[in-house]
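This report refers to the structure that appears directly beneath it.
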Amino acid sequence: MSVATEEIAAVGAHLNEVYPMLPFTPVRGTGVFLENAAGRRVLDFYGGHAVAALGYGHRELSETLARQSRELVFQTNALPLKVRDEAAEKLAAFGPAELGRVFFVNSGAEANENALRLAFKVTGRSKIVALEHSFHGRTAAAAAVTWGAAKSWYGFPRTPFDVAFVPRNDDAALAAAVDSSTAAVIIEPVQGLAGAFDFAPEFLHATRAACDRHGALLIIDEVQTGMGRLGAPFGAQLYGVRPDLLTVAKGLGGGFPCGAVLMPHSIATTLKPGALATTFGGGPMACAAIKTVIEVVNRDNLLANVRNVSAAIRATCAVGPVTSIQGRGFLLGLKTRPRAVAVRDALLARDILVGTSADPHMLRLLPPLILSKDHVQRLAAALEDLTDAPL
Ligand SMILES: Cc1ncc(COP(=O)(O)O)c(C=O)c1O
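Under our numbering, the first residue of the sequence shown is numbered 14, with each subsequent residue one higher.
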């Protein structure tokens, strides 16, 4: 297998250097391939960090955005929009049956920030229970329930409310942490940044039961796992766990920035005008993209594709430096004997882009939902090629 000449990862002089960057500068994309100005094509198992649900240059998504931009690029939530109503209807139908109302926002962190606000408001309580190794976003409340943030990058002088972190899959610790002061438990059905750590389904059910015992809400953070990534519309449906609030972003608009909080009518009807608000959330471009993403996922059977191709990854990619595979659907963690960054760099030199995670020995795959078995064969071959590489 040939090894490509690497570019230098360079950042413009006026950008903050807060992101470690990889040595590849894409200028366009088609399907699951990214291409640089010199025509080098890279097979993308990273999906713009779980965002490019339909891959790149998707004809219908591009046409939708072009058409909507000609008709109406933006309009405020103070005016009704047909496209917003339609996007909400489609998303409510795609999500868990009991969550019939949608509040649109702009990002995953904003979705979680509002879900937490709602939990405090609905219950009148002051504590949140979160999971060790979780990631919920960078805003003040979302980061307060993110494991380890306060000790490293949190940045605010104090967190805004009490948070109890419990070890993963520990039913007893969770049962002990949830009490009559708990407004909500917040959990990712598969922890993304942690390296695609999939909870025992029994633990997710025990979490629901603990919430029920004490009248706490269950917030399922599906910012990364949602929109079909796990091979079901959402993890809540995959595991049969009923959320009180569900948050989604990333793949929701297939690359157009947007997020949403899904909630039942029982919560939505307690909200008075002004209780929640955002300027850009629910804008026409985002809503047109959301509609199209859901239509394409349903029409092209992408959930079944995720399940089938994920099985092929599991069957063929525990080779070379990879010792085992965890996660669900297209949120997979590949355990590596050498450091994961060394394997990632070696794969990129072979024109395959993968992600890393908080675990230094776990690669993360978050490919577009349109990935096929041919692409998996290329990854498996590249990993085999690294069997004796000095990484
Ligand atoms: C599970 C989860 N929640 C929340 C977020 C935050 O989303 P955003 O970066 O859109 O604010 C992320 C982002 O990686 C995430 O993976």
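Where is the CB? At the ideal position from N, CA and C, for every residue including glycine.
DSSP state of residue i mapped onto helix, strand, coil
i, result
"residue 89", "coil"
"residue 348", "strand"
"residue 356", "helix"
"residue 125", "helix"
"residue 336", "strand"
"residue 250", "helix"
"residue 204", "strand"
"residue 233", "strand"
"residue 117", "strand"
"residue 26", "coil"
"residue 39", "strand"
"residue 196", "strand"
"residue 136", "helix"
Distance, residue j Cα to residue i Cα
i, j, result
"residue 210", "residue 84", "43 Å"
"residue 230", "residue 128", "10 Å"
"residue 125", "residue 173", "14 Å"
"residue 372", "residue 348", "9 Å"
"residue 30", "residue 222", "44 Å"
"residue 52", "residue 43", "12 Å"
"residue 359", "residue 401", "12 Å"
"residue 171", "residue 178", "16 Å"
"residue 390", "residue 47", "18 Å"
"residue 226", "residue 109", "22 Å"
"residue 249", "residue 203", "11 Å"
"residue 218", "residue 362", "43 Å"
"residue 130", "residue 232", "11 Å"
"residue 367", "residue 375", "11 Å"
"residue 214", "residue 189", "19 Å"
"residue 335", "residue 168", "36 Å"
"residue 153", "residue 398", "44 Å"
"residue 88", "residue 98", "13 Å"
Counted within 10 angstroms of its Cβ, other Cβ atoms place residue i as buried (16 or more) or exposed
i, result
"residue 364", "buried"
"residue 24", "exposed"
"residue 318", "buried"
"residue 59", "buried"
"residue 235", "buried"
"residue 107", "buried"
"residue 228", "exposed"
"residue 160", "buried"
"residue 285", "exposed"
CB contact check: residue i to chain D, cutoff 7 Å
i, result
"residue 343", "Any reference to chain D falls outside this structure, which holds one protein chain only."
Is it the case that the region 269-276 contacts the region 118-129, given that we only count it when at least three CB pairs across the two stretches are under 8 Å? Judged by Cβ distances under 8 Å, the region 118-129 makes contact with the region 269-276, as three or more pairs qualify.
Residues near ligand 1, CB to any non-hydrogen atom under 5 Å, in chain order? 120, 121, 122, 149, 150, 201, 205, 234, 236, 237 and 262
So does the region 57-67 actually touch the region 258-268, counting three or more Cβ pairs closer than 8 Å? yes
Give a yes or no on contact between the region 341-358 and the region 280-296, applying the rule of three or more CB pairs nearer than 8 Å. no
Within the chosen definition, does the region 200-209 reach the region 128-148 through at least 3 CB pairs nearer than 8 Å? yes
Does the region 196-204 come within contact of the region 129-138, defined as at least 3 CB pairs closer than 8 Å? Contact between the region 196-204 and the region 129-138 is present, because at least three Cβ pairs lie under 8 Å.
Stretch-stretch touch, CB-based, cutoff 8 Å, three pairs: the region 242-249 with the region 80-95: By the Cβ rule, the region 242-249 does not count as touching the region 80-95, because fewer than three pairs are nearer than 8 Å.
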